[in-house]
Structures are given as C-alpha cells and as structure tokens.
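So the structure is just underneath, and the comments pick up after that.
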Amino acid sequence: MASFVIEGGRKLEGEIKIQGSKNGSLPLLSASLLAEGKTLLYGCPDLSDVRAALNILTYLGCETAFDKGVAVIDCSNAKRSNIPDDMMQEMRSSVVFLGALLGRFGRAEISAPGGCEIGLRPIDLHLDAMKALGAQVVESGGRIVFTCPDGLKGARISLSFPSVGTTENILLAACTAKGETVIINAAREPEITELAEFLNDCGANIKGAGESVITVNGVERLNAVEHTVYPDRIAAVTYMAAAAVTRGNILLHGMNHELPMPVLENFEKAGCNLAADGDRIYIKAPKQLGRIPLIRTMPYPGFPTDSQADFAVMAAISVGTGIIVENIFENRFKYIAELIKMGACARTEGRVAVIEGVKELNSANVMSPDLRGGSALVVAGLCAKGKTTVENIEHIDRGYENFENQLKVLGAKITRRD
Ligand code: EPZ
C-alpha cells in the first residue's frame, strides 16, 4: 500500500493548471465505442480510473493509445460486448459502458457492481432506463445480460433521482436508438453537458443537456471526433481548500466554467477572497478561517457531494461550528474518524456531520477511506504541524493526476512512499 508523507504547516502559494476531469473523461471514453473512426481526447487525465477504462476498451477489441494526456481510441474492430467481473470490480464506474455497449452491439454483459467505499451504489435506475429503451435484462450469478434483439427504441424516461450515471447511460443508448427519447429529471452536472456536446459533435441530435429535460432524436451513425476534456471542477476545489487551510494564495488556470455558486459562497463565508477571470480562478485565504455554518450536498447546481470532505477540513480549523448534511451518498463520512485522530472536534449522526473548529490539527498517521476522503486528509496534513502519513493512497490516484507534484509546485512538502 502506498502512502503520502506530508510536512504540514507550510503556506501554499503559486499557480497550477487544473487536470482534465475524471468524471468527464470516463463517459467520453465509453462514448468512443459508438463513433466510427479514431476518437482523440486531449487533456485526458492520467488516472488509474482512466487507465482501467482504456483497458476495458482494449479488451472489447478497440485499439487504444494514451500518451502525454492524449487518449486515442479506434473502436472499428470492437467485437466483445461483455465486461469481465474483475474489470468491473477494478472500476465501479464501468457501469457507464452499459449504454454504449447496448447502442453499439445491441447487447451488454456486466457484473452487478458491488457497493463501494461511499455507499451501496445500486444501479436500479440504470436497469429501468435500459428496459424503457427496449432492452431485456437477465440477472444471474452476479452477472447482468442486456439484449435488445429488435434494437433500441426511443422512450420517455422520468428519473426518480437526477442520477449522473443513469443520465449518461441514457444519452449513450438513445443517440442511435430509433425515434425520440425524452429524459425527465435528468442530471444537470457539467459532465452531462460535455457528453452531449461530444456526442452532438459526432453527429447525434441531443437538446437540453444541462437542464432537467433532455431530448434525444436517434441518428443512424456517429463519426469519431477530437475533443478537449473539460477541467476537473472537483480537483480544483481540493486545491483551493488546500490554499484555504494553509493561509495561502494560489491561482488555478485551465478552468472553463463557473464553480457552483454554493461552493464559491462557502469559500467566501470562510473568509477567502476569490477572483475569476477567463479560464483562471484565484483564491487568497484569511489568517483565520471563518465559520461555515451549513453545507447541504445536492445534485448540480447545488453543493457537490464530491467537495464536502474538503470543506469539512476547512470547518475543522474554522471559528465556530459547521454542519454538513450529505444528501447524495449514505456512507460518505468515513474520513471524519481519521480527522478526529488529527485532533478535529467532530461527530457524525447518519448523514449529518457536526464539526466544531479547533485552533489547529495535529499530524498523525491516517488511512484514506475513499477517493475524496483521502484527498481531504492530505489537505488536513498540509495544515497540521509536523509529519502526517496518509495510507492507502491508491484511492487518491483514481482521481488526482500527479497530486503530490502539483502540491509541491505550490510549496508543499509531500513525498510518495510506495
Ligand atoms: C457520479 O456518480 C460521479 N462519478 C460521482 O463522483 C459523484 O459523486 C456522483 O455522480 C454525484 O455527483 C462519476 O461520474 C464516475 P449518481 P454516479 O448516479 O453516477 C443513487 C467521485 O468521487 N442511485 O448521480 O454513481 C446513488 O446510490 C465520484 O468522483 C440509485 O439509487 O452518481 C447515489 O445515492 C463519487 N440508483 C445517488 O443516486 C441508481 O441506479 C447519486 O448517484 C443510480 C444511482
């Protein structure tokens, strides 16, 4: 198990370019299955999840290459429509291949993805949506086989929850289905807008992406295109939080869209000064973080669940008490126990965390419980005086490209120990 060793207490200053989005690039890699010819994704982040997705595409029969941030995928000779169990377990978000496999082959075979560190992660909404589009589903022995002998047909699909992955799978399956598909209560995350932009560039006919109602009219074929992956808005918030807790000031460039207002508002409530200009965002931290009274995670454009751990660390050394309500996943506070080892005064009751600010955190040996909890523990280590070790950083490698080197550029003392 690899770990990070962090010498905390140093102010972060300087400028870095934000990596391409993990949650943007994964559905784009899946979408390449639908496009004839060679897909090129520029600014694709070098992450273990991205490499796992490329391995799946290679297994399916695609030719793939990935170098210096450019992923090249040619799916002309793809012939398999099943994802082996070990590959499904390697990356739980591989469920995002479902819609593209059905759209390309009229068949898909995947494993029921086991839960993960942050919750059960059921796929009932995905199953119902694929059935609505005409797929027959047979589940046995932990494997699920989808077939649609008569081809996929457009349908009106109302989602009980604006699920990001389900919205992505519907877009992927519907863009070459016969007829019109209407998604009601669709997810509005920027990753949805990006996937629709990519598919439309390939020749699809998708309207309304980014809103709650999306209409897709099926087309005959899609042609491969080149695309530059959107920047990772969640990674950006992690670096901003690292500046906030170390009384630092940093400039992030390569941003291409606003962070959700609730994120900006809570940085300002904590006393940070923010300035945005084009593709750059600047944050300057106060000497002492102010109180962050209440954060409720919500679907976009609400406060993103992926950023709540970063703000918990800020709340841990702020004046006053902060409350975080996690409305999206049922088990996303595991990192709080690790923060308590570092001297945080916090407790959780189900989906609510109550965090009473203390003067400073103490360095400690902590374990990364999941991707965003792990990166938040690194942020905590940056502000705790002394040497903090964060174990199980394989979780963090799934979502943060070159994490320790990016932090070193900003003045952190952090080393990876394999
Ligand atoms: C995506 O997960 C992201 N992952 C998550 O980021 C992110 O936290 C989440 O969207 C919410 O924004 C990727 O894009 C790869 P959902 P996804 O379907 O698609 C329940 C990270 O750290 N649900 O919107 O799985 C589900 O259990 C990761 O980068 C069902 O009940 O999220 C959850 O409670 C973590 N049935 C809620 O909906 C379903 O069929 C939101 O899930 C599907 C989802």
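Taking numbering that gives the first Met the number 0, I'd label the letters of the sequence shown as residues 0 to 417. Cβ coordinates follow ideal geometry from the N, Cα and C atoms, glycine included. Quantities reported herein were computed from a predicted structural model and do not represent experimental measurements.
- Excluding the 5 residues flanking it on each side, N364 has same chain C-beta neighbours closer than 6 Å at T388, in chain order.
- Each residue's CA atom was taken as its position, placing G23 and F96 some 14 Å apart.
- When M313, E337, V353 are compared, the shortest CA-CA separation from E325 is found for V353.
- Nearest in C-alpha terms to F328, of all of P285, L101, P121, is P121.
- Its chain contains T245, R246, G247 as the residues whose beta carbon lies nearer than 6 Å to that of K10, once the 5 sequence neighbours on both sides are disregarded; these appear in chain order.
- With respect to the 8 Å criterion, P300 and R187 are classified as neighbours on the basis of their beta carbons.
- The three-state reading of DSSP puts H226 in strand, counting E and B together.
- Non-local C-beta neighbours of M129 in its own chain, meaning closer than 6 Å and more than five positions away in sequence, comprise F145, ordered along the chain.
- Around the Cβ of D417, a 10 Å sphere holds fewer than 16 other Cβ atoms; the residue is exposed.
- The three-state secondary structure of E138, taken from DSSP, is strand.
- Apart from sequence neighbours up to five positions away, the residues of its chain that approach K286 with a beta-carbon distance below 7 Å are R246, ordered along the chain.
- As summarised for the stretch 17-52, the continuous alpha helix (DSSP H) elements at least 4 residues long and confined to that stretch are 21-30, given in chain order.
- Relative to the ligand EPZ, N22 has its C-beta within less than 7 Å of a heavy atom.
- Cβ contact annotation for N168 (same chain, cutoff 6 Å, sequence separation greater than five): L97, G98, H125, in chain order.
- Shortest gap from the CB of A51 to any heavy atom of the ligand EPZ: 7 Å or more.
- Per the coordinates, the alpha-carbon of A383 lies some 44 Å from the alpha-carbon of Y58.
- Note: N204 is bridge-paired with N216 in the DSSP secondary-structure output.
- If you compare the alpha carbons of A30, G7, G8, I17 with that of E225, the shortest gap goes to A30.
- At a Cβ-Cβ threshold of 8 Å, L56 and L171 do not count as neighbours.
- In this structure, S110 has its beta carbon at no less than 7 Å from each heavy atom of the ligand EPZ.
- DSSP lists no beta-bridge partner residue for G373.
- With 16 or more other Cβ atoms inside 10 Å of its own Cβ, V378 counts as buried.
- For K283, the enclosing beta strand (DSSP E) begins and ends at 279-283.
- In this structure, the C-beta of I327 approaches the ligand EPZ to less than 7 Å from one of its heavy atoms.
- In the DSSP assignment, I294 falls within the unbroken beta strand (DSSP E) covering 293-295.
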